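Residues 68 to 267 in my numbering are what the sequence shown lists, from first letter to last. Quick notes on the structure that follows.
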Amino acid sequence: MNTKQLALSAAIAIGLGACNSEPASQFPAEPPLAGASIGGPFSLVNSKGETVTNDSLKGDWRLVYFGYTFCPDVCPVDVERMARAYANVKTGQPELAEDLTPVFITVDPARDTEEVVGEFAAAFSPDMIGLTGSDEAVAEAVNAYRVYATLGEPRDDGFYLVDHSAYIYLMDPDGQPVNSYDRATPPEAIAADIEHWMTS
Ligand code: NI
Numbered sequence: 068m069n070t071k072q073l074a075l076s077a078a079i080a081i082g083l084g085a086c087n088s089e090p091a092s093q094f095p096a097e098p099p100l101a102g103a104s105i106g107g108p109f110s111l112v113n114s115k116g117e118t119v120t121n122d123s124l125k126g127d128w129r130l131v132y133f134g135y136t137f138c139p140d141v142c143p144v145d146v147e148r149m150a151r152a153y154a155n156v157k158t159g160q161p162e163l164a165e166d167l168t169p170v171f172i173t174v175d176p177a178r179d180t181e182e183v184v185g186e187f188a189a190a191f192s193p194d195m196i197g198l199t200g201s202d203e204a205v206a207e208a209v210n211a212y213r214v215y216a217t218l219g220e221p222r223d224d225g226f227y228l229v230d231h232s233a234y235i236y237l238m239d240p241d242g243q244p245v246n247s248y249d250r251a252t253p254p255e256a257i258a259a260d261i262e263h264w265m266t267s
């Protein structure tokens, strides 16, 4: 065996060793959204009329979804997915769920009053909080999370749709972005991802 062959066999041995002892992680080393400009200060109100801010949630991991309760299709499906992901964590790792809060923030404060967002969130999970506020306060939150939301033209009866982006964001206890999940991600996969980042 010459030097070249030795080096090659050593490299193979190291490669195999690493492969046997530690299978490649399905998770990246860093959170996918590390350093992204998503999140920031906001000041909204919950169903009890209490002010909830980015700072008042400090210390809690959060799942954050922006939508509106009159949404005919997308929002209920997405919020159900967020609730199921949360329930999955709560069942499997209840101690983690204690430090995790699912949050629904309306992009349609004119119709989504404190009572309406509260009832909507509670229908999916008793632990989910629904937040609304003035147009300005909601706009601040929407802009902080880089959410896209545009009110559609009202019908004759006044009903209107809201076109909006639809991501579930995982935020860390400092309100920094960790990851986002689109509608292609099933609740079990979201739960596994949450558990990974909460424990790494
Ligand atoms: Ni929607």
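Just so you know, even glycine gets a beta-carbon here, dropped at the ideal spot from N, CA and C. None of these values were measured; they are calculated from a predicted model.
Does the structure place the region 107–118 close enough to the region 189–208 that three or more beta carbon pairs sit under 8 angstroms?
yes
Residues whose Cβ lies closer than 5 angstroms to any heavy atom of ligand 1, in chain order:
G134, C138, V141 and C142
Relative to the C-alpha of V214, which candidate in G106, P99, Y227 and P98 has its C-alpha closest?
Position 147 of the sequence shown, counted from the first residue, corresponds to residue 214. It is G106.
Can you tell me which of the three DSSP states D224 falls into?
Against the sequence shown, residue 224 aligns to sequence position 157. D224 falls in the coil class under three-state DSSP.
Please tell me whether V209 and S114 are closer than 9 angstroms, where the distance is taken between their beta carbons.
The residue labelled residue 209 in the question sits at position 142 within the sequence shown. The residue labelled residue 114 in the question sits at position 47 within the sequence shown. The criterion of a C-beta distance shorter than 9 angstroms is not satisfied by V209 and S114.
In angstroms, rounded to a whole number, what distance separates the CA positions of D145 and R250?
The residue you call residue 145 lines up with position 78 of the sequence shown. The residue you call residue 250 lines up with position 183 of the sequence shown. Each residue's Cα considered, the two are about 7 angstroms apart.
Ordered along the chain, which non-local residues of its own chain (more than five positions away) have a Cβ less than 6 angstroms from that of D175?
As a first step, residue 175 must be located in the sequence shown, where it is residue number 108. The residues are Y135 and V229.
With which residues is D230 paired in a DSSP beta bridge?
Against the sequence shown, residue 230 aligns to sequence position 163. According to DSSP, D230 bridges with T217.
Beta-carbon proximity check, P254 vs R129, cutoff 9 angstroms
Here residue 254 refers to the residue found at position 187 of the sequence shown. Here residue 129 refers to the residue found at position 62 of the sequence shown. It is not a contact, given that the beta carbons lie outside the stated cut-off.
Nearest-angstrom Cβ-Cβ length linking L198 and F226, presumed shorter than 8 angstroms:
For the purposes of this step, residue 198 is taken as the residue at position 131 of the sequence shown. For the purposes of this step, residue 226 is taken as the residue at position 159 of the sequence shown. That belief does not hold up - the Cβ atoms of L198 and F226 are roughly 23 angstroms apart, past 8 angstroms.
Thinking just about the alpha-carbon of each residue, which of A177, Y153 and V131 is nearest to the one in F137?
Stepping through the sequence shown from its first residue, residue 137 is reached at position 70. That would be A177, whose Cα lies nearest to the Cα of F137.
Judging by CA-CA distance, which residue of A256, H231, P193 and W264 is the nearest neighbour of A244?
By 1-based counting over the sequence shown, the position of residue 244 is 177. Here residue 244 is Pro; the residue named in the question, Ala, does not match the sequence. Of the listed residues, the one whose Cα sits closest to P244 is W264.
Let me know the beta strand (DSSP E) ranges lying completely inside the region 96–175, each 3 residues or longer, listed in chain order.
110–112, 118–120, 128–134 and 167–173
Could you check the C-alpha separation between T168 and D179 for me, to the nearest Å?
As a working note, residue 168 is residue 101 in the sequence shown. As a working note, residue 179 is residue 112 in the sequence shown. Going by the C-alpha atoms only, they are around 20 angstroms apart.
Determine which residues share a DSSP beta bridge with Y236 and list them.
In the sequence shown, counting from the first residue as 1, residue 236 sits at position 169. Answer by DSSP bridge pairing, in chain order: V131 and S247.
Neighbour-count burial assignment, Q162, 16 or more Cβ in a 10 Å radius
The residue given as residue 162 occupies position 95 in the sequence shown. Rather than Gln, the amino acid found at residue 162 in this sequence is Glu. When all chains shown are included, E162 counts as exposed.
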